[in-house]
Amino acid sequence: MKGVFAHKFWVIAWPYIWMLVFFALPFGFILKISLAESMIAMPPYSDIWSWSDGHFTWLGSLDNYRFLLEDDLYYLAYFNSLRLAAVSTVLCLFVAYPMAYGISRMEEPYRSLFLLLVILPSWTSFLIRIYAWIGLLKTNGLVNHLFMSVGLIDEPLTMLHSDFAIYLGIVYGYLPFMILPIYANLMKLDYSLIEAGYDLGARPWKVFLTIILPLSMSGVVAGCFLVFIPAVGEFIIPELLGGPDTLMIGKVLWQEFFVNRDWPVASAIAVVMLTFLIIPIYFYRRLEMKQLGVGE
Amino acid sequence: MKISRYLLLAGLVFLYFPLLVLVIYSFNESRLVTIWTEFSVKWYLELLEDRQLMDAFFLSLQIACSTAFMSVLLGTIAAYVLVKFGRFPGQTLFSSMIIAPLVMPEVITGLSLLLLFVGLGNWLGWPASRGAMTIWIAHVTFSVAFVTIVITSRLREMDSSLEEAAMDLGATPLKVFFVITLPLISPALISGWLLAFTLSLDDLVIASFVSGPGSSTLPMVIYSSVRLGVSPKINALATIFVGLILVGSFVFWWSMQRWARYSAAKTPGQQ
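Protein chains in written order, with my numbering: chain F, 1 to 296; chain C, 1001 to 1271.
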């Protein structure tokens, strides 16, 4: 039995050590640097402890966190990110659910063809897909041209650099992540339950609300996590489609790091973002393990 | 519910309309992206002459290929461990580290990995500099999650009686894995490889954090051009991207259909 265990140990060790070093350990570094002070050096931060003559001195401080609390900008950016991500997640769900349902009710080979059509755009570049909307949404862009030539509007609408553009970008970019888990759940659904509902005289809406929706709930929840969590820290969408007023925390972190070169403040922003997201990430993990049928 | 069909079609129009516009305007002679003047392929020719873009493209291709191989290797082991090994000490931490990168915001992953590389570089002298190597490590780290999910679900669906039979007949676990398990999950290995490849090719945020001077990937070059505004050259590049993906995927789908029909014909009674 000991031999078998030793075997297993060497198999597990490969991915375990990789993820421990390159995924878990970096969080320790981010926490450490968030307690340091920014300075003009390479690397641009101070030590948080010193060790000389067998004497240990603690140099770290919570100044970066205090700084985040004092400036309205950060508070607003966190709040905006959570709001924009939450609203987009709900919008995404409303677009994705009927699509997933439509595909799940198809016959093969059309089902796999339509599933492929839904996933395909996400295999092209995310950056390019978001970029595509700039040309459409600009003041002198295609959508305004189209609407004005039809006579729907007289003045061009301001759509780019607004909350609207961010909602649109998140829904567009993350749609497949919402469709796939819902589709996977709907495929497992026992169709005879729906037929039984109809046989007993339920109306289509009642069947949907009392049978289909509850049975596909875990897919809905998984999809919402898959969209909401990364959307909170999204950078490309607020950078390309958002305006100066639509602050999102991912963009603020990016600017602290690349523009202000303040690594410690950027780290503190990341730590605070992570504390917001740790609970959704925890629940998402539990759900995903259950969906995969991997017992714990 | 018929209405879901129409909503599905509307959703697909929503997904493809921006890409279609991008493709059409890549053949526009004018620099202005909204006004059509006349048909031209000049942006494609300019694309080929852009050294910086071509260099970045080949670098990205290299990183994406090596990321895909490493991710499939680690992802296969991780999936096998999750499905077949049952409980082991530290399993919760293991599954957390495998699943969390799926949803972790890219700015956090990118920044934390950069700080790791800088810290280790100061402390151990490795990595001495940042570039293709550090980008590769970062890409493998987040791709493994996606590959593991794909392979895990295939392993779960798989009929394990073949493995048990081989085991009963005296094959060693290693032999069973290579002769029985691996061929059976090979479609998942291929889709995992392709997924990791596209994820790596697509990544802007993480690569921007962990790359060094002189190692700009394709998305980084595209981004520096895109933030200055709309450019028809990027449209041309996007068209090539979309075209390759569309053609490749349909060939893949079509051959899968053929293969499914072929194996259904070969083994009557099943499926």
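Where a beta carbon is used, it is the ideal one built from N, C-alpha and C, also for glycine.
Which first and last residues belong to the alpha helix (DSSP H) in which residue i is found?
i         : result
C:Trp1036 : C:Trp1036 -> no alpha helix (DSSP H), and no H or E assigned at all.
C:Phe1069 : Arg1051 to Lys1084
C:Ser1109 : Residue identity check: residue 1109 of chain C is Thr in the sequence provided, not Ser. Here the alpha helix (DSSP H) through C:Thr1109 covers Glu1106 to Leu1124.
F:His55   : It is not in any alpha helix (DSSP H) - F:His55 instead sits in the beta strand (DSSP E) that spans His55 to Trp58.
C:Ser1211 : Counting along the chain, C:Ser1211 falls outside any alpha helix (DSSP H), and DSSP gives it neither H nor E.
C:Ser1096 : Gln1091 to Ile1099
F:Asp63   : Asp63 to Glu70
C:Ala1166 : Ser1161 to Asp1168
F:Ala231  : Met217 to Val232
F:Arg111  : Tyr110 to Trp123
F:Ser192  : Tyr191 to Asp199
F:Met178  : Asp163 to Lys188
F:Thr139  : Neither: F:Thr139 is in no alpha helix (DSSP H) and is coded neither H nor E.
C:Lys1133 : Residue identity differs from the one stated: residue 1133 of chain C is Met in this sequence, not Lys. Start and end: Ala1132 to Glu1157.
Using beta-carbon positions only, say whether residue i and residue j come within less than 8 Å of one another.
i         : j         : result
C:Ile1222 : F:Ile237  : no
F:Val95   : F:Val171  : yes
F:Leu226  : F:Ser104  : no
F:Ser125  : C:Phe1241 : yes
F:Val271  : F:Ile30   : yes
C:Phe1209 : C:Gly1110 : yes
F:Ile249  : F:Ala77   : yes
F:Leu113  : C:Trp1259 : no
F:Val294  : C:Val1072 : no
F:Ile119  : F:Gly169  : no
F:Met19   : C:Ile1098 : yes
F:Ala268  : F:Ile182  : no
C:Ser1112 : F:Pro26   : yes
C:Ile1135 : C:Thr1217 : yes
C:Ile1151 : C:Ala1100 : no
C:Val1103 : F:Tyr284  : yes
F:Cys92   : F:Met39   : no
F:Leu287  : F:Val220  : no
F:Gly102  : C:Ser1004 : yes
C:Ala1078 : C:Thr1172 : no
F:Tyr167  : F:Ser88   : yes
F:Ile12   : C:Phe1088 : yes
C:Val1021 : F:Leu117  : no
By how many angstroms is the C-alpha of residue j removed from the C-alpha of residue i?
i         : j         : result
F:Met217  : F:Leu189  : 11 Å
C:Gly1086 : C:Lys1175 : 20 Å
C:Arg1156 : C:Ala1196 : 21 Å
C:Ser1143 : F:Glu107  : 32 Å
C:Ala1236 : F:Ala132  : 12 Å
F:Lys2    : F:Phe228  : Reliability fails at F:Lys2, whose pLDDT of 48 lies under 50, so the model's placement of it is uncertain and no value is given.
F:Trp10   : C:Leu1204 : 34 Å
F:Phe257  : F:Trp263  : 6 Å
F:Ile211  : F:Trp205  : 10 Å
C:Ser1040 : C:Glu1029 : 5 Å
F:Ser46   : F:Ile33   : 8 Å
F:Leu69   : F:Leu253  : 15 Å
F:Leu115  : C:Leu1032 : 35 Å
C:Gly1119 : F:Gly28   : 11 Å
F:Leu35   : F:Tyr74   : 17 Å
C:Ser1096 : C:Pro1213 : 33 Å
C:Gly1090 : C:Leu1124 : 27 Å
F:Leu157  : C:Ser1129 : 48 Å
C:Ser1160 : C:Gly1243 : 40 Å
F:Met289  : C:Phe1250 : 31 Å
C:Ser1255 : C:Gly1192 : 17 Å
F:Gly201  : F:Val207  : 9 Å
Go to residue i, then tell me how far its beta strand (DSSP E) extends in each direction, as first and last residue.
i        : result
F:Ser298 : Nothing can be reported for residue 298 of chain F: it is not among the residues displayed for chain F, which extend from 1 to 296.
F:Ser52  : Trp49 to Ser52
Please identify the residue among the options whose C-alpha is closest to the C-alpha of residue i.
i         : options                                       : result
C:Leu1093 : F:Thr158, F:Leu142, F:Asp154 and F:Tyr16      : F:Tyr16
C:Ile1234 : C:Ile1024, C:Met1167 and C:Leu1009            : C:Ile1024
C:Pro1105 : F:Leu277, F:Gln291, F:Val294 and F:Tyr284     : F:Leu277
F:Phe79   : F:Leu117, F:Arg261, F:Ile134 and F:Val232     : F:Val232
F:His161  : C:Glu1038, C:Leu1246, C:Ala1238 and C:Gly1229 : C:Gly1229
C:Gln1062 : C:Gly1192, C:Met1167 and C:Leu1201            : C:Leu1201
C:Ser1026 : C:Leu1182, C:Ala1188, C:Gly1090 and C:Thr1239 : C:Thr1239
C:Gln1052 : C:Glu1163, C:Ser1215, C:Ala1145 and C:Phe1178 : C:Ser1215
C:Thr1076 : C:Ala1264, C:Ala1207 and C:Leu1184            : C:Leu1184
C:Phe1117 : F:Ala196, F:Phe23 and F:Asp163                : F:Phe23
F:Phe164  : F:Asp245, F:Val150 and F:Tyr110               : F:Asp245
C:Leu1194 : C:Gly1170, C:Ile1245 and C:Arg1261            : C:Ile1245
C:Ser1224 : F:Leu152, F:Glu239 and F:Trp58                : F:Glu239
Exercise. Taking contact to mean at least 3 C-beta pairs separated by less than 8 Å, is the segment 1060–1070 of chain C in contact with the segment 1132–1146 of chain C?
Worked result: Contact between the segment 1060–1070 of chain C and the segment 1132–1146 of chain C is present, with at least three C-beta pairs closer than 8 Å.
Between the segment 1154–1170 of chain C and the segment 1002–1017 of chain C, can you find at least three pairs of beta-carbon atoms closer than 8 Å? They do not touch, by the three-pair rule.
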